[in-house]
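Shown next, in structure tokens, is the structure this report addresses.
Protein chains in written order, with my numbering: chain F, 2 to 646; chain Y, 63 to 224.
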């Protein structure tokens, strides 16, 4: 008895226990200390431009649905924000429902936590305190990683306290009703941060920590993933889950490390389970990723024996549970999600209620020949199948018949009549390359492809046959190759499914294709030439990036405020600068594949291209788009100063 | 105890301490005060003795945007006296385009002398702007306890620049 008592009082043991639990949790969530540092930096970065406000009309739908779900109802009876006639609001049996329930459900614990915490800490000061604590936490990690604990902690503490004091001086009250919205946003901000750390983990297993650090952080800092971080739509959450699927898929192929917590089969099951969760957020995108995963996983798995299939199938079936139950509760049909697949993406802004059902009444004569029940089942089945696969077919057709749409989605958009009209006559929509010039590096894939082809041509036919047999028939391909295939297929599928609807208004950075940004960053950092550049010219690339952010953002800001360019013009300035730098980076990457003398150019142009991506996120967040109070009072102040300039 | 750890604990204690002490549960101090108290807005007394409004306004083609951008230069008003919280609305009207817009500024008590006021920019679609120039009207309206006073009302030429 007395022994037990003294043990529970032993603070040293308690601290040890907390510490080891912390380490385990940290390992599960972030992999290692560098992963945790990326997670923290991304949170800090997203905090800079985070405003508790509504950027786009369907934010109201999700926020009102979360408010209802937080109180325990699926149906949305009264609006907490705005009104209920917002895009994405669904109607079933005369009751209103939101959509993306997976995302909303995952935000419920965050909502309850925020509601509890705001009883203790002033809501207007809460995020300022958290941000300063994160600064300190990041400083501690950097201190341990660099071996300069004292310096890092001293600098970190000073910064944290100064910034906290500054924020406290400027703080204004935040309306209590905004807690729901803030919880929804906290969910997407956390998802953004996990995207960075997860891609880091993937690359630290494939290559080394340095490459991984670059890949993980560039995916969130140099692409519009950062733009959408605090805008509570599904996009960032979907991106986080796709990153996690890639990681778990890779782990399911890798030789099991001695310290692994889960077996490769466990990871394989986990990747399917993540797709199940994704389906709960957006059924269409869930299906797209499922199809890519299935097509790559089954042919490349080490074994597809009964046990594997049972484990994977069970995990997937269980993970679909919440999705099926939600559908059943709402529409009475477990397989009818809140938005049917024909409504891929958002409904257009003028459609509101009840347009989410996509069932057709066109039962063709073949089904009428069958007995009535069987016939209607077959008709329904064919309907659902065409709903599932129709978008891919349509996407493939559009890709061939309308190459102009691809050009205006990938390369250069400018002002597009019919799109700009709906954005207050402003050319607000950038293309993939314009919003993330670093994507220019994807052109390097062509160079690698050319090298492979040349290499193959040099070899005899015999060795090609051997090669083929080795890759596809006898043995399982390397984990990297399988993951490459999964990335490529997911990217192609996402592109095909959305291209018929693009270009479209209110996209800003082609948000429908948001998963393509981290997928492309994956592709770029898989290039041998880029990895060589990061390893040998990393410092040059890093300094180019930092200079590009510090000076580039100021330069763009000066041009925008001196010239009368307007918001559309400002975004077009980013677009044109992005195209120029992105093209240089594309050419440099291509040249680097063949000759390493081009590596310095690749490093500089890559750093600048990445910086332009960051600048777009920062300037959009601070200057171009204003819609609510910043979570950090100092950023509110800064935005006011910039607006007056 | 090593130095870094002490510093970390101290920093965390200060941040958490201030946050909790100023929070709703304890409420020792209130750190979140509205920067501008909206009560009594448009009330008070003000005398404007001089006004300096721009004489030309441009409608410029926006960069790479197939649209036009309306920029009205800032105006300046001179207060000889100012008490309470009057407001000043700076507006433009272009009747040919069926357009009017104004930006309201909140004045702070006791601030006399020259005050610069701005008018927010706006965008016009390409097909709306068909002529090389339009006639418009700039207005500056002071609102205080004595009601609304039109302190400036002048016609202005809006030049379209390609």
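Ideal placement from N, C-alpha and C gives every residue a C-beta, glycine not left out.
Could you name the residues of chain F that residue 93 of chain Y contacts, counting a contact when the two beta carbons are closer than 7 angstroms? Working through the second chain from its first residue, we reach residue 93 of chain Y at position 31. Simply 123, 126, 169 and 172.
I'd like to confirm the pairing. Which residues does DSSP put opposite residue 91 of chain F in its beta bridges? If you number the first chain from 1, residue 91 of chain F lands on position 90. F:98.
Burial state of residue 17 of chain F (16 or more Cβ within 10 Å): Reading the first chain from its first residue, position 16 is the one you call residue 17 of chain F. Looking at its Cβ environment, which holds fewer than 16 other Cβ atoms inside 10 Å, residue 17 of chain F is exposed.
Per DSSP, what are the beta-bridge partners of residue 144 of chain Y in this structure? For the purposes of this step, residue 144 of chain Y is taken as the residue at position 82 of the second chain. Paired residues: Y:108.
Enumerate in chain order the residues of its own chain whose CB-to-CB distance from residue 324 of chain F is below 6 angstroms, with the five nearest sequence positions on each side excluded. In the first chain, counting from the first residue as 1, residue 324 of chain F sits at position 323. Excluding sequence neighbours, residue 324 of chain F sits near 280 and 281.
Straight-line gap, residue 124 of chain Y to residue 134 of chain Y (C-alpha atoms, nearest Å): Residue 124 of chain Y sits at position 62 when you count from the first residue of the second chain. Residue 134 of chain Y sits at position 72 when you count from the first residue of the second chain. Going from the Cα of residue 124 of chain Y to the Cα of residue 134 of chain Y covers about 15 angstroms.
Go through its chain and collect everything with a Cβ distance to residue 41 of chain F's Cβ below 8 angstroms, but skip five positions before and after it. Translated into the one-based positions of the first chain, residue 41 of chain F becomes position 40. Counting only Cβ-Cβ distances below 8 angstroms, and skipping sequence neighbours, we find 135, 138, 139, 142 and 194.
Cα separation between residue 602 of chain F and residue 496 of chain F? Residue mapping note: residue 602 of chain F aligns to position 601 of the first chain, counting from 1. Residue mapping note: residue 496 of chain F aligns to position 495 of the first chain, counting from 1. In a straight line, the C-alpha of residue 602 of chain F is about 30 angstroms away from that of residue 496 of chain F.
Jot down the residue ranges of each uninterrupted beta strand (DSSP E) in the stretch 548-625 of chain F, minimum 3 residues, whole runs only, in chain order. none
Can you find a C-beta in chain F that's less than 9 angstroms from the C-beta of residue 65 of chain Y? Here residue 65 of chain Y refers to the residue found at position 3 when the second chain is read from its first residue. Residue 65 of chain Y counts as touching chain F.
Within its chain, find whatever has a CB closer than 8 angstroms to the CB of residue 352 of chain F; leave out the 5 residues flanking it on each side and keep chain order. Indexing the first chain from 1 puts residue 352 of chain F at position 351. Bear in mind that the predicted position of residue 352 of chain F carries a pLDDT of just 32, short of 50, making it unreliable; the figure below should be weighed with that in mind. Only 88 meet the Cβ criterion.
Among all the DSSP beta bridges, which residues are the ones paired with residue 178 of chain Y? Walking along the second chain from the start, residue 178 of chain Y turns up at place 116. Per DSSP, Y:138.
So for residue 1 of chain F, helix, strand or coil by DSSP? Residue 1 of chain F lies beyond the range of chain F shown here (2 to 646); nothing can be said about it.
For residue 399 of chain F, which residues in the same chain have their Cβ closer than 8 angstroms to its Cβ, ignoring the five residues on either side in sequence? Here residue 399 of chain F corresponds to residue number 398 of the first chain, with the count starting at 1. For residue 399 of chain F, where only same-chain residues beyond five positions count, the Cβ hits under 8 angstroms are 406, 500 and 501.
Please say whether residue 198 of chain F and residue 439 of chain F have beta carbons closer to each other than 9 angstroms? Within the first chain, residue 439 of chain F is the residue found at index 438, counting from 1. Within the first chain, residue 198 of chain F is the residue found at index 197, counting from 1. Not closer than 9 angstroms, so no.
Once the 5 residues before and after residue 92 of chain Y are set aside, which same chain residues still bring their CB inside 6 angstroms of it? Reading the second chain from its first residue, position 30 is the one you call residue 92 of chain Y. Same-chain partners within the cutoff: there are none.
DSSP three-state label for residue 232 of chain F, please. Taking the first residue of the first chain as 1, we reach residue 232 of chain F at position 231. If DSSP states are grouped into helix, strand and coil, residue 232 of chain F belongs with coil.
Hey, residue 102 of chain Y and residue 146 of chain Y are a contact pair by Cβ (cut 8 angstroms); roughly how many whole angstroms apart? Locating residue 102 of chain Y in the second chain gives position 40, where the first residue counts as 1. Locating residue 146 of chain Y in the second chain gives position 84, where the first residue counts as 1. Yes, residue 102 of chain Y and residue 146 of chain Y are in contact; Cβ-Cβ is about 6 angstroms, under 8 angstroms.
Using only alpha-carbon positions, find the residue among F:448, F:608, F:76 and F:56 that is nearest to residue 546 of chain F. Position 545 of the first chain, counted from the first residue, corresponds to residue 546 of chain F. Ranking F:448, F:608, F:76 and F:56 by Cα distance to residue 546 of chain F puts F:608 first.
First and last residue of the alpha helix (DSSP H) that includes residue 298 of chain F? In the first chain, the residue the question calls residue 298 of chain F occupies position 297. Segment 284-301, the alpha helix (DSSP H) holding residue 298 of chain F.
Measure from the C-beta of residue 1 of chain F to each C-beta in chain Y and report whether the shortest distance is under 9 angstroms. There is no way to answer for residue 1 of chain F, as the model of chain F reaches only from 2 to 646.
If distances are taken between C-alpha atoms only, which option among F:617, F:590, F:525 and F:587 comes closest to residue 550 of chain F? What you label residue 550 of chain F is simply residue 549 of the first chain in a count that begins at 1. The candidate whose alpha carbon is nearest that of residue 550 of chain F is F:617.
Would you kindly work out how many angstroms separate the C-alpha atoms of residue 584 of chain F and residue 441 of chain F, rounded to a whole number? As a first step, residue 584 of chain F is located in the first chain; it is residue number 583 there, counting from the start. As a first step, residue 441 of chain F is located in the first chain; it is residue number 440 there, counting from the start. Spanning the two alpha carbons is a distance of roughly 6 angstroms.
Would you be able to state if there are at least three C-beta pairs under 8 angstroms between the stretch 255-274 of chain F and the stretch 218-236 of chain F? no
Run through chain Y and tell me which residues come within less than 7 angstroms of residue 165 of chain F, C-beta to C-beta. Residue 165 of chain F sits at position 164 when you count from the first residue of the first chain. Within chain Y, the residues near residue 165 of chain F are 77.
Please determine, among F:491, F:334, F:600 and F:508, the residue with the shortest C-alpha to C-alpha distance to residue 532 of chain F. Within the first chain, residue 532 of chain F is the residue found at index 531, counting from 1. Closest option to residue 532 of chain F, Cα to Cα, is F:600.
Checking contacts by CB at 9 angstroms: is residue 72 of chain Y closer than that to chain F? For the purposes of this step, residue 72 of chain Y is taken as the residue at position 10 of the second chain. With 9 angstroms as the cut-off, residue 72 of chain Y counts as an interface residue toward chain F.
Reducing DSSP to helix, strand and coil, say where residue 459 of chain F ends up. For this step, residue 459 of chain F is matched to residue 458 along the first chain. Residue 459 of chain F falls in the helix class under three-state DSSP.
Extent of the continuous beta strand (DSSP E) run through residue 485 of chain F: Here the question's residue 485 of chain F lines up with position 484 in the first chain. Premise fails: residue 485 of chain F lies in the alpha helix (DSSP H), 480-499, not in any beta strand (DSSP E).
Test item: CB-CB of residue 421 of chain F and residue 108 of chain Y under 9 angstroms: Along the first chain, read from residue 1 onward, the residue named residue 421 of chain F stands at position 420. Along the second chain, read from residue 1 onward, the residue named residue 108 of chain Y stands at position 46. No.
Would you list, in sequence order, the uninterrupted beta strand (DSSP E) runs of no fewer than 3 residues that lie entirely inside the stretch 129-180 of chain F? none
What is the rounded straight-line gap between the Cα of residue 218 of chain Y and the Cα of residue 614 of chain F? Within the second chain, the letter at position 156 stands for residue 218 of chain Y. Within the first chain, the letter at position 613 stands for residue 614 of chain F. Computed Cα separation, rounded: 41 angstroms.
Which term fits residue 21 of chain F, buried or exposed, when burial requires 16 or more other beta carbons within 10 angstroms of its beta carbon? Translated into positions along the first chain, residue 21 of chain F becomes position 20. Residue 21 of chain F comes out exposed.
Compute the Euclidean distance between the alpha carbons of residue 201 of chain F and residue 514 of chain F, then round it to the nearest angstrom. Within the first chain, numbered from 1, the residue matching residue 201 of chain F stands at position 200. Within the first chain, numbered from 1, the residue matching residue 514 of chain F stands at position 513. Cα to Cα, the separation comes out at about 21 angstroms.
Partner residues on chain F for residue 304 of chain Y, Cβ-Cβ distance less than 7 angstroms: Residue 304 of chain Y is absent from the model: chain Y starts at 63 and stops at 224.
How should residue 356 of chain F be labelled, buried or exposed, when 16 other C-beta atoms within 10 angstroms of its C-beta is the threshold for buried? Looking up residue 356 of chain F in the first chain gives position 355. With a pLDDT of 30 at residue 356 of chain F, under the threshold of 50, the modelled position of that residue is not reliable, and the figure given next carries that caveat. Flag for residue 356 of chain F reads buried.
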